[in-house]
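Protein chains: 2
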Amino acid sequence: MSRPEYARFADIDDGLVDMTRRVGRAMNRATQSLLDADLALAESVIAADIPLDAIASGLEESALALLGEHHMVAEELRAVLGAWRIAGTLERMGDLAVHVAKAARMRYPLPAVPVELRGVIVDMGAVAQRMVEETGIALTRRDVVSAAQLREMDREMNRLHREMFTIVLSPAWSHGIEAAVDVTLVSRYYERFADHAVTIGKRVVQVVTGQPYARRRV
Amino acid sequence: MSRPEYARFADIDDGLVDMTRRVGRAMNRATQSLLDADLALAESVIAADIPLDAIASGLEESALALLGEHHMVAEELRAVLGAWRIAGTLERMGDLAVHVAKAARMRYPLPAVPVELRGVIVDMGAVAQRMVEETGIALTRRDVVSAAQLREMDREMNRLHREMFTIVLSPAWSHGIEAAVDVTLVSRYYERFADHAVTIGKRVVQVVTGQPYARRRV
C-alpha cells in the first residue's frame, strides 16, 4: 500500500480515538448530571451528541472512500471494516450517555437517583470511564491485552448492575415504583455501555490477529 | 461485475432474508413463552440463537471474501457493507428475543407478566413480528417504501412502551417493584427491537439510493 493510504488509515484511527475521548467525557458528564440533578450539564451531553454523530458518519464515509480507491488484501480489509464498525459502536455508546443525561433531565429539579443508590451510580460511572479509556488504549496500541481487561471491567459492571437490583428489590426500598423503574433503566444503560466497550476490544483483537469475530453469548 | 459475484451477492441477500425469518420466529416464540410461562418454548428460543449467530458470522465472512476478491465500485461497496452491517443488526435483534425468553424463564413457573399488561405485551409482540417481516420485504424488494412503514410501526411500539409505563406507575398497580422492574426491561427489549428494524430500513434506503446513512436522533 502506498504512503497516502497509510496516512488515511492513520486518520481513521485518530478519529476513533477522538471519539473514545468524546464518549468518555459524555458519560462522565452524564453521570455527574444524574448525581447532582444538574440540568445544564445534562443539556451539554445531549448537545454534544450531534458532533459525535457527525464524526462517526465522516469516519464511515472515509472508510468507504478508502475501500473504493483500490483493491485491498484481507488484512487491510479487516482493519478498515473493523474501524467502520467501531465507529458505529462508539456512536451507540454516545447515545447511551445521552439516555443517562435525559434521565437526569426528566426528573429535574428532583434527583433521579435515591440516596442509597448514589454509591452504585458513582461506581458505574467510574467503571464506564475506565472502560472507554481502555478502548482508546486498545485502538492506539492495537493492543490485544486490553480486550481481557475490558472483559474484567465488564464483570465489575455486571456486579454493580446486580447490586442495584438487590437494593431496589430489598424490603428497605422506600422510593416507590417510579424511582425503581428509573434506576433500572439507567443501570441498564451503563451495563450496555460496558458491553459495547467489550465488543470494541474484541474487534481490535480481530483486526490484530485476523481471527473472525468471536460473538458474545447473551 | 462477472456472473459468479452476482450469484454471491444474491446468496448474501438470501442469508439476510433467512435471518429475518428466524428472528421473527424467535421473537414470536419468546412473546408466547412470556405470556404462557412456557419454559420449553423459552428454552427453544435461547437454543435457536446459536445457529442464528453462526449465520451472521458466515454472512460477514462471505461479505469480507467478496470484498477481497476484486475492486468494487462505490455502489457495490455500499451494498456489501450494508449487508454486512444488517447481519450484525439482525443478530442483535435475535439477542433481544433471547432476553425476552430469559425473562420468562427467570420467573418460571410464575408468569412474568401481570394480567393488566398482557394486552400490551400481545400488541408489542405483534408489532415486533410485523416489523421484522417488513425488513424481510425491504431486503427482498430493495424497497424504500418499507422504511417509512417501519418508522410508522416504530411509533406504534413507542406508544405501547409509554402505555406500559402508565399502567406500571398507576395507583392501581398491585404487583410490587419486582414485577415493575421485570416489565420495564421486557418493554425496553421490544422497543429496542423496533429501533433496530428501523435501522435496517434506513440501511436498505442507503443501499438503494446511495445516500449516506441518516442517523436517528436519540
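Sequences listed follow chains G and R, in order.
Counting in my numbering, the first sequence runs from 9 upward without gaps.
Counting in my numbering, the second sequence runs from 9 upward without gaps.
We put the beta carbon where it would ideally sit given N, CA and C, even for glycine.
Asked, Found
"Is there a Cβ from chain G that is less than 8 Å from the Cβ of isoleucine 63 of chain R?", "no"
"Can you tell me where the alpha helix (DSSP H) with glutamine 137 of chain R in it begins and where it stops?", "126 to 149"
"Within 10 angstroms of its Cβ, does arginine 37 of chain G collect 16 or more other Cβ (buried), or is it exposed?", "buried"
"Taking CB distances under 8 Å as the criterion, tell me whether arginine 113 of chain R reaches chain G.", "no"
"Which chain R residues are close to leucine 85 of chain G, counting only those with a beta carbon under 9 Å from its beta carbon?", "Leu72, Leu75, Gly76"
"On the criterion of 16 or more Cβ atoms from any shown chain inside 10 Å, does histidine 204 of chain R qualify as buried, or is it exposed?", "buried"
"Given that a residue counts as buried once 16 or more other Cβ atoms are within 10 Å of its Cβ, and exposed if not, what is alanine 82 of chain G?", "exposed"
"Any beta carbon of chain G sitting closer than 8 Å to that of valine 53 of chain R?", "no"
"Can you tell me the Cα-Cα spacing of alanine 45 of chain R and alanine 71 of chain G, whole angstroms?", "47 Å"
"Can the beta-carbon of tyrosine 116 of chain R be found less than 8 Å from the beta-carbon of methionine 165 of chain R?", "no"
"Measure from the C-beta of valine 226 of chain R to each C-beta in chain G and report whether the shortest distance is under 8 Å.", "Confidence at valine 226 of chain R is low in this model, with a pLDDT of 44, below 50, so its placement is unreliable and the value that follows should be read with caution. It does; some Cβ of chain G falls within 8 Å."
"Measure how close the beta-carbons of glycine 96 of chain R and serine 154 of chain R come, nearest whole angstrom, since I'm counting them as under 8 Å.", "About 19 Å; that fails the 8 Å criterion."
"Using 8 Å for Cβ pairs, my map puts alanine 202 of chain G next to valine 135 of chain G. What's the rounded Cβ distance?", "7 Å"
"At the level of alpha carbons, what is the spacing between glycine 144 of chain G and threonine 207 of chain G?", "13 Å"
"Between the alpha carbons of arginine 159 of chain R and methionine 139 of chain R, how many angstroms are there, rounded?", "9 Å"
"Using a Cβ cut-off of 8 Å (strictly closer), state whether glutamate 124 of chain G contacts chain R.", "no"
"Just how far apart, CA to CA, sit valine 106 of chain R and arginine 211 of chain R?", "24 Å"
"In the structure shown, what three-state DSSP assignment does serine 41 of chain G receive?", "helix"
"Checking contacts by CB at 8 Å: is alanine 188 of chain G closer than that to chain R?", "yes"
"Does the CB of valine 185 of chain R have a neighbour CB from chain G at under 8 Å?", "The identity of residue 185 of chain R in the sequence shown is isoleucine, whereas the question assumes valine. Interface residue, yes."
"Can you give me, in chain order, the residues of the segment 158 to 185 of chain R that have a beta carbon less than 9 Å from any beta carbon in chain G?", "Phe173, Val176, Leu177, Trp181, Gly184, Ile185"
"Between the Cα of methionine 101 of chain G and those of G/Ile175, G/Arg33, G/Leu47, spot the shortest distance and give me the residue it belongs to.", "G/Arg33"
"Taking the C-alpha atoms as reference points, what is the distance between arginine 196 of chain G and glutamate 186 of chain R?", "15 Å"
"Mind checking valine 123 of chain G: buried by the 16 CB within 10 Å criterion, or exposed?", "exposed"
"Hey, alanine 55 of chain G and methionine 27 of chain G are a contact pair by Cβ (cut 8 Å); roughly how many whole angstroms apart?", "About 16 Å; that fails the 8 Å criterion."
"In its own chain, which residues sit with a C-beta less than 7 Å from the C-beta of aspartate 131 of chain G, not counting the 5 before and 5 after it?", "Leu168"
"When you compare the CB of alanine 146 of chain R with every CB in chain G, is at least one pair closer than 8 Å?", "no"
"I want to see whether chain G comes within less than 8 Å of alanine 34 of chain R, judged by CB atoms only; does it?", "no"
"Tell me the rounded alpha-carbon separation between glycine 90 of chain R and isoleucine 20 of chain R.", "11 Å"
"So, for leucine 60 of chain R: in the same chain, excluding its five sequence neighbours on each side, which residues have a beta-carbon less than 6 Å away from its beta-carbon?", "Arg30, Gly102"
"Rounded to whole angstroms, how far is the Cβ of alanine 109 of chain G from the Cβ of valine 53 of chain G, which I believe are closer than 8 Å?", "4 Å"
"Go through its chain and collect everything with a Cβ distance to glycine 66 of chain R's Cβ below 8 Å, but skip five positions before and after it.", "Gly23"
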